[in-house]
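*Asks:* Structure provided below as structure tokens; questions to follow.
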């Protein structure tokens with residue numbers, strides 16, 4: 023027996039239909055990388071998406087085909103998403119910061135038929151063209167001269183009936199910029215995206231109402247700008263896009279447009295903090311700052327908390343659409359001490375409804391949520407990956423759990439705390455040392471600009487920590503001073519066996535420490551303790 | 023081609039699993055009708071629901087069977103919902119305020135096998151027993167003596183694996199207390215309920231975070247307490263139930279428990295206003311007051327707005343799970359005048375994502391959203407009815423639209439405004455006169471306690487308005503004074519042809535004016551103008 027309610031598939035285009043119908047006049051602002059702003063609204067996005075759907079059909083695109091973008095955040099990029107999805111094709115955002123061979127691999131693996139790109143990436147596109155086997159049409163979003171995206175839309179009818187179908191059909195393709203192996207594609211569905219967006223608007227995640235002015239500073243090629251372009255139409259909020267990440271640009275947009283909600287990786291906020299410290303000023307109407315992508319240093323959290331900006335430390339990954347946890351305030355926030363608030367905000371928050379999390383030991387047994395028992399973090403839910411694009415094997419175990427590759431503890435109140443990446447954890451005498459905790463502690467030492475902890479082979483302990491440190495300019499910090507500092511923060515057996523100063527550390531295209539390269543480089547390094 | 027994300031059916035029990043896992047210690051408070059309070063938490067609700075699921079299986083209940091309740095709001099009632107749904111059966115809330123023959127009809131039509139009831143309704147149950155053909159087990163939630171609900175749970179295992187299945191399976195049955203014909207059952211599904219709950223927590227609907235303390239004063243038999251018992255576990259908020267609706271009890275609970283969010287029909291708020299006016303005091307931590315069930319008088323909205331309590335005027339119906347619209351603040355609220363804010367709040371708000379609304383003319387053509395064009399209000403969406411329980415015919419037209427029976431206009435900003443019930447509208451000379459607007463205007467006249475406007479046959483105009491008025495005690499208001507008052511508020515041709523004073527007006531079991539009875543009573547009434 024089935025129930026008596028309506029059949030209303032969770033299709034992404036219903037998000038845009040809702041925004042057009044209920045919030046059509048709410049603005050979408052775009053700051054272009056070449057400077058200057060343009061303004062449209064949800065009705066305009068919907069109208070242009072229908073024109074693009076017609077244009078793509080005219081180009082011969084069919085249901086399920088892939089349409090790629092190589093672009094920063096702006097309204098035309100948004101139109102390319104909804105127009106592509108609306109005609110039944112799959113939008114494939116490519117990270118322009120990847121190396122050429124990765125870009126070519128991804129576009130060929132996805133079999134992209136169209137590539138929309140920013141003028142800023144035209145040189146990349148020119149270099150890549152000979153290698154892109156399947157791309158038939160190249161369209162520039164903002165050409166300096168000649169035809170581009172607007173010319174593709176010109177003359178197209180504003181009438182189009184979105185392609186309907188099963189809510190489990192794919193709508194979007196995002197490749198993970200893994201640190202090992204070939205990039206792998208995550209194929210988001212209409213259903214997964216709509217449910218994720220519904221979860222995101224709730225108060226304890228992004229808290230988007232129609233009064234909000236949201237500025238995603240996270241790029242649209244980075245896990246769909248954390249889903250904000252799909253959550254915003256549910257709320258009917260105003261959206262501010264910027265293709266330019268200069269602190270001054272972000273600062274000016276925030277004030278000019280009255281931004282209340284924003285989200286970005288810690289690097290962006292570091293730049294903003296430096297800018298405001300140097301130039302004075304405040305954060306205007308900003309209410310909620312979501313920090314994700316990598317762990318935010320406590321000093322950053324405190325900086326914004328002191329300025330009455332709520333900080334939500336979120337955690338997720340491309341394989342999770344990406345939201346896994348978020349840092350809404352607990353019910354006893356008012357009664358907490360400043361230190362307890364900082365401590366809690368530095369952790370990764372709690373899972374919203376729709377995400378199940380657990381940590382397991384090396385035998386695969388669930389560990390207690392006691393804030394002590396660390397283990398591999400696993401996830402389940404309607405917006406968590408089941409299978410990578412074109413892969414034969416499932417990405418989950420027999421019980422449907424996806425292994426995130428993170429090591430974490432879960433506290434009794436449900437707060438999750440990432441302690442390390444599973445592959446970065448340092449295995450010393452059968453116990454685990456968190457490389458991230460060592461690095462965070464080292465960065466708190468005066469004179470230390472950046473630090474990386476890697477496990478190096480040790481004849482007795484299997485692995486022992488080696489700490490690589492980049493000094494701040496002009497600093498004369500010594501290994502002894504760093505060890506002294508660390509000894510107040512971590513267990514004695516966690517202390518690195520050696521500290522080496524280096525000029526710089528390698529990073530991935532998305533700004534994370536490239537530990538694989540470091541491990542490779544120091545594979546045969548002899549620790550003094552191993553002598 | 024399907025996408026690569028997980029299969030995770032939207033089953034109601036996942037709401038409770040989430041609350042137990044992430045917010046297990048958050049309290050559930052119950053104030054009993056006999057006085058006294060009990061406290062449990064989400065973990066306790068989940069544990070008792072598993073015990074009840076075991077108990078129901080022991081009683082021989084099977085998947086799809088119906089379990090009825092005749093009860094006010096309290097934690098045991100909540101356990102009866104989740105325990106029943108968890109073992110695959112259907113929870114059927116019955117409105118104890120209905121007449122005996124309606125109660126018997128409903129229980130027999132639903133083929134309820136178990137009836138859980140409050141001690142306060144024991145006399146009703148005793149009277150009904152001989153007529154209830156299918157009920158095998160009667161269990162009192164709070165017996166004064168003898169075995170009851172707790173004894174049913176006693177000794178049952180706390181381990182139970184919720185019955186899994188299709189997300190379109192039925193989970194709950196609610197009959198509409200229609201003013202005509204037999205009551206009809208609306209069969210909510212797992213999917214419809216979960217999506218409705220996800221929509222409800224968003225800022226512009228109930229805005230529930232884990233910090234919230236929600237007190238649904240709307241009864242659990244009234245469209246599932248507007249869905250709050252399903253939305254609360256998503257947020258992980260504290261819930262305060264009361265089986266006693268005395269203003270003093272509500273007032274004391276609000277302050278004692280720190281209630282931030284509450285929802286009820288206007289009658290409850292009238293009582294609260296009178297109580298606070300008579301005794302002094304304030305509304306404590308109350309942030310958001312949701313008013314629904316029938317239209318709130320502007321004076322009530324202003325009363326709470328002046329006390330810094332946000333008022334959300336919501337509209338819905340049992341057939342819509344029930345939320346159709348809600349009154350979140352618009353983005354330009356700060357710039358609006360006090361009068362404009364009042365005007366806007368008095369309307370019914372906007373549709374959340376998941377509800378499509380339109381108004382149509384008498385030929386079925388959609389009318390523009392211009393704030394002027396009134397017509398029959400239709401709805402579509404995943405939590406809108408498709409077919410009544412055991413009915414052969416669909417409840418929707420060929421395009422899937424459900425006719426709400428309301429007459430409304432939609433404003434350019436998406437705000438919906440109910441102008442009348444379709445069957446109550448007064449059709450004069452081919453034009454429509456809103457009976458509700460006449461009544462609201464009349465109630466604003468000093469000395470008028472309550473008013474009902476009904477259309478009475480007229481030889482020239484087809485129908486003309488007759489206004490029935492209940493005077494306030496001691497008032498000497500005259501028909502002339504009322505007409506004078508009305509003439510400043512409505513068009514001249516809307517003015518009633520006759521005003522009659524009556525001792526009282528008939529109401530439905532849920533407190534709405536029983537217009538059918540009035541139309542019947544005055545069917546052959548001769549208006550002076552018809553002479």
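Protein chains in written order, with my numbering: chain A, 23 to 553; chain B, 23 to 553. A virtual CB, placed ideally from N, CA and C, is assigned to each residue, including glycine. Model, not experiment: these values are computed from the prediction.
1) Chain B partners of residue 257(A), CB-CB under 8 Å?
2) When you check each C-beta in the region 408-419 of chain B against every C-beta of chain A, which residues fall closer than 9 Å?
3) Using a Cβ-Cβ distance cut-off of 8 Å, determine whether residue 197(B) contacts chain A.
4) Do you know whose CA, among 445(B), 493(B) and 519(B), lies nearest residue 538(B)'s CA?
5) Could you tell me which chain A residues have their CB closer than 7 Å to the CB of residue 302(B), listed as they occur along the chain?
6) Which of the residues in the region 348-366 of chain B, read from start to end, lie with their CB under 8 Å from any CB of chain A?
7) Could you give the DSSP three-state label for residue 247(A): helix, strand or coil?
8) State yes or no: is the beta carbon of residue 405(B) nearer than 8 Å to at least one beta carbon in chain A?
9) With a CB to CB cut of under 6 Å and the five nearest residues on each side skipped, what residues in its chain are close to residue 157(B)?
10) Closer than 9 Å, Cβ to any Cβ of chain A: which residues of the region 30-52 of chain B, in chain order?
11) Mind pulling the beta strand (DSSP E) runs of 3 or more residues that sit fully within the region 48-107 of chain A?
12) Hey, which unbroken runs of the beta strand (DSSP E) at 3 residues or more fall wholly within the region 264-303 of chain A?
13) Runs of 3 residues minimum, wholly inside the region 471-510 of chain B: which ones carry the beta strand (DSSP E) assignment?
14) Output the boundary residues of the beta strand (DSSP E) element that contains residue 449(B).
15) With a threshold of 16 other CB atoms inside 10 Å of the CB of residue 496(A), please say whether the residue is buried or exposed.
16) Tell me whether the beta-carbon of residue 116(A) lies closer than 8 Å to the beta-carbon of residue 100(A).
17) Figure out for me which residue from 411(B), 474(B) and 227(B) has the closest Cα to the Cα of residue 463(B).
18) Using Cβ-Cβ distances below 7 Å, what residues of the region 202-218 of chain A are close to chain B?
19) Run through the DSSP bridge pairs and tell me what residue 516(A) is partnered with.
20) Note the first and the last residue of the continuous beta strand (DSSP E) segment covering residue 602(B).
21) Could you list the residues in the region 169-199 of chain A with a C-beta less than 8 Å from some C-beta on chain B, going in chain order?
22) When the cut-off is 8 Å and only beta carbons count, does residue 246(B) lie next to chain A?
23) Would you say residue 393(A) reaches chain B, if we count a Cβ-Cβ gap shorter than 8 Å as a contact?
24) Excluding sequence positions up to five away, which residues of its chain have a Cβ less than 7 Å from the Cβ of residue 526(B)?
25) Determine whether the beta carbon atoms of residue 189(A) and residue 33(A) lie at a separation below 8 Å.
26) Give me the Cα-Cα distance between residue 177(A) and residue 530(B), rounded to the nearest whole angstrom.
27) Tell me the DSSP bridge mates of residue 333(A)?
28) Helix or strand or just coil, what does DSSP make of residue 454(B)?
29) Express the C-alpha separation of residue 518(A) and residue 550(A) in angstroms, rounding to a whole number.
30) Counting along the chain, where does the alpha helix (DSSP H) carrying residue 228(B) start and finish?
31) So which residues of chain A does residue 90(B) contact, with C-beta pairs closer than 9 Å?
32) Exposed or buried, what is residue 478(B) when buried is set at 16 or more other beta-carbons lying within 10 Å of its beta-carbon?
33) Would you list the one or two residues that DSSP bridges to residue 260(A)?
34) Can we say the region 271-284 of chain A touches the region 66-75 of chain A, given the rule of at least three CB pairs closer than 8 Å?
35) Which term fits residue 28(B), buried or exposed, when burial requires 16 or more other beta carbons within 10 angstroms of its beta carbon?
36) Thinking residue 602(A) and residue 127(A) are a contact (beta carbons under 8 Å), I'd like their distance in whole angstroms, please.
*Replies:* So, from the data block:
1) By one-based count along the first chain, residue 257(A) stands at place 235. Under the 8 Å cutoff, chain B gives 224, 225 and 226.
2) 408, 409, 410, 411, 413, 417 and 418
3) Here residue 197(B) refers to the residue found at position 175 when the second chain is read from its first residue. Closer than 8 Å: no.
4) Locating residue 538(B) in the second chain gives position 516, where the first residue counts as 1. When each option's Cα is compared against that of residue 538(B), the closest is 445(B).
5) In the second chain, residue 302(B) corresponds to position 280, counting from 1. None at all; the shortest Cβ gap to chain A is about 26 Å.
6) 350, 351, 352, 353 and 355
7) As a working mapping, residue 247(A) is identified with position 225 in the first chain. If DSSP states are grouped into helix, strand and coil, residue 247(A) belongs with the helices.
8) For the purposes of this step, residue 405(B) is identified with residue 383 of the second chain, where counting begins at 1. Judged by the 8 Å Cβ criterion, residue 405(B) is in contact with chain A.
9) As a position in the second chain, residue 157(B) is number 135, starting the count at 1. Result list for residue 157(B): 134 and 137, in chain order.
10) 30, 31, 32, 36, 37, 39, 40, 41, 43, 44, 45, 46, 47 and 48
11) 49-53, 59-63 and 88-92
12) 283-286
13) 484-493
14) Here residue 449(B) refers to the residue found at position 427 of the second chain. Segment 448-450, the beta strand (DSSP E) holding residue 449(B).
15) As a working note, residue 496(A) is residue 474 in the first chain. By the 10 Å Cβ count, residue 496(A) comes out exposed.
16) Counting from one through the first chain, the residue named residue 116(A) turns up at place 94. Counting from one through the first chain, the residue named residue 100(A) turns up at place 78. Contact flag unset, no.
17) Numbered from 1 along the second chain, position 441 holds the residue referred to as residue 463(B). The option with the nearest alpha carbon to residue 463(B) is 474(B).
18) 208, 209, 210, 211 and 214
19) Taking the first chain and counting its residues from 1, one reaches residue 516(A) at position 494. Answer by DSSP bridge pairing: none, since residue 516(A) is not bridged.
20) Summary: the structure shown does not reach residue 602(B), with chain B confined to residues 23 through 553, and so no result is reported for it.
21) 188, 190, 191, 192 and 193
22) Taking the first residue of the second chain as position 1, residue 246(B) is located at position 224. No, because no Cβ of chain A sits closer than 8 Å to the Cβ of residue 246(B).
23) Position 371 of the first chain, counted from the first residue, corresponds to residue 393(A). No, because no Cβ of chain B sits closer than 8 Å to the Cβ of residue 393(A).
24) As a working mapping, residue 526(B) is identified with position 504 in the second chain. So the list reads 492, once near-sequence residues are dropped.
25) Numbered from 1 along the first chain, position 167 holds the residue referred to as residue 189(A). Numbered from 1 along the first chain, position 11 holds the residue referred to as residue 33(A). Yes, Cβ-Cβ distance for residue 189(A) and residue 33(A) is below 8 Å.
26) Translated into the one-based positions of the first chain, residue 177(A) becomes position 155. Translated into the one-based positions of the second chain, residue 530(B) becomes position 508. Approximately 58 Å, taken between the alpha carbons.
27) Your numbering for residue 333(A) matches position 311 in the first chain. In DSSP, residue 333(A) forms a bridge with 311(A).
28) Residue 454(B) sits at position 432 when you count from the first residue of the second chain. Correct three-state label for residue 454(B): strand.
29) On the first chain, residue 550(A) is found 528 positions in, with the first residue counted as 1. On the first chain, residue 518(A) is found 496 positions in, with the first residue counted as 1. For residue 550(A) and residue 518(A), the distance between alpha carbons rounds to 11 Å.
30) Counted from its first residue, the second chain places residue 228(B) at position 206. It is not in any alpha helix (DSSP H) - residue 228(B) carries neither H nor E in the DSSP assignment.
31) By 1-based counting over the second chain, the position of residue 90(B) is 68. The premise fails here: residue 90(B) is roughly 17 Å from chain A at the closest Cβ pair, so nothing lies under 9 Å.
32) Mapped onto the second chain, residue 478(B) falls at position 456. Buried.
33) In the first chain, residue 260(A) corresponds to position 238, counting from 1. 235(A), per the DSSP bridge assignment.
34) no
35) As a position in the second chain, residue 28(B) is number 6, starting the count at 1. That one is buried.
36) For residue 602(A) there is no data in the structure shown, the boundaries of chain A being 23 and 553.
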